[in-house]
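Chemist:
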Amino acid sequence: MLKSLKKLPIITSENSKDLLIRQRDLHKLCEQFNVDYFVTSSKTHLRYLTGYNGSNGLLILNRNKIMFVTDSRYQDIIKDEVIADKKIIGTGNLLDFILKQNIIKNNSIIGYDPNSLQLVSYSLLENKFSSRKLKKLPNIIDKIMSVKSESEINK
262 MLKSLKKLPI ITSENSKDLL IRQRDLHKLC EQFNVDYFVT SSKTHLRYLT
312 GYNGSNGLLI LNRNKIMFVT DSRYQDIIKD EVIADKKIIG TGNLLDFILK
362 QNIIKNNSII GYDPNSLQLV SYSLLENKFS SRKLKKLPNI IDKIMSVKSE
412 SEINK
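Counting from 262, one number per residue, gives the positions in the sequence shown under the working numbering.
1. What residues in its chain sit with their C-beta under 7 Å from that of Q336, if we drop five residues either side in the sequence?
2. According to DSSP, simplified to helix, strand and coil, what is I364?
3. Using the three-state DSSP reduction, which class does D374 fall into: helix, strand or coil?
4. Taking Cβ to Cβ, would you say L322 is nearer than 8 Å to V330?
5. Quick check on this structure: which residue in R283, D279, F358 has the alpha carbon closest to the alpha carbon of D403?
6. Give the straight-line distance between the Cα atoms of N388 and L356, rounded to the nearest whole angstrom.
7. Could you compute how far the alpha carbon of I401 sits from the alpha carbon of I359?
8. Tell me whether the beta-carbon of I405 lies closer than 8 Å to the beta-carbon of Y298.
9. For R324, tell me which candidate among L385, S392, D286 has the shortest Cα-Cα distance.
10. Could you tell me how far apart the beta carbons of L280 and G312 are, in whole angstroms, since I believe they sit closer than 8 Å?
11. Is the beta carbon of T305 sitting closer than 8 Å to the one on D374?
12. Can you tell me where the alpha helix (DSSP H) with L307 in it begins and where it stops?
13. Taking DSSP's pairing of strands, which residues face G351 in a bridge?
14. According to DSSP, simplified to helix, strand and coil, what is K326?
15. Near S333, which residues of its chain fall below 6 Å by C-beta distance, leaving aside the five closest residues on each side in sequence?
16. Would you mind sorting V408 into buried or exposed? The rule is 16 or more other CB atoms within 10 Å of its CB.
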């Protein structure tokens, strides 16, 4: 089977710096809202925060690091494309996978953006993480997106 000829963006030092600044800003907001973790699977948010351009991914931010989870189809892509402290290849449903791996600890507070999470994803999140508290953080990433870096302005 032929691979797609579509050229995927390569992370450069310039946009890598922007991604790291965005991640730092998200960390600060999560501390401000007193959440232990932030979870998103929004394609727009994944691209904006990590550089990921695939269709199946999950970003998990805790107080110390950014973790990115996807399945084996994207194993090669995330090596060059994703900026994250830890890149994890999961199996099956990614929420099930992180639950089984105990990536999100019990009795923690999980932040999420209700405006970027489909109802079915919210139901899964609520169902799977019943021993954790869910906290709505509406438009949290939009707050970061509204402030443009110099390199974004010059594009």
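For each residue, glycine too, the CB sits at the ideal point set by N, CA and C.
Modeler: This is what the structure holds:
1. I350
2. coil
3. coil
4. no
5. R283
6. 10 Å
7. 22 Å
8. no
9. D286
10. That pair is a contact at about 6 Å.
11. no
12. 304-311
13. D332
14. coil
15. Only I350 meet the Cβ criterion.
16. exposed
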